[in-house]
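Residue numbers (the working numbering): 6 to 104.
Where is the CB? At the ideal position from N, CA and C, for every residue including glycine.
All values reported here derive from a predicted model rather than from experimental measurement.
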């Protein structure tokens with residue numbers, strides 16, 4: 006598989022459908038605000054290649070991930086998530102490269 010590129014995903018979902026999944030997990034008090042946009046980007050991935058070549062298939066959904074994150078926040082396992090470099094890929098890589 007050297008040099009190959011694989012998508013590993015559960016399913017294609019719109020931002021709107023993801024926001025509904027988040028609200029379903031977090032609670033009905035989450036307000037979803039829809040605004041018109043000129044951004045017509047659309048991302049569709051297929052995980053068929055990774056499934057056929059590596060026999061890999063995901064086990065967890067977006068709702069599963071949101072549930073895990075909610076539980077981690079509820080248990081205070083995540084520290085200063087809006088500022089801590091651990092939660093920002095580029096910041097983290099830059100800090101590792103400086104050491």
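What's the call for residue 55, buried or exposed, on a 16-neighbour Cβ count within 10 Å? buried
Between which residues of its own chain and residue 30 is the CB-CB distance below 8 Å, once the five residues before and five after are set aside? 68, 71, 72 and 75
For residue 42, three-class secondary structure by DSSP: coil
On the three-pair Cβ rule with 8 Å, is the region 80–93 touching the region 27–46? no
List the whole-angstrom C-beta distance separating residue 12 from residue 50, where the pair is believed to meet the contact cut-off of C-beta under 8 Å. 4 Å
Close Cβ partners of residue 23 (< 7 Å) along its chain, the five nearest in sequence each way excluded: 67
Unbroken alpha helix (DSSP H) run spanning residue 25, endpoints: 20–31
Can you tell me the Cα-Cα spacing of residue 84 and residue 25, whole angstroms? 26 Å
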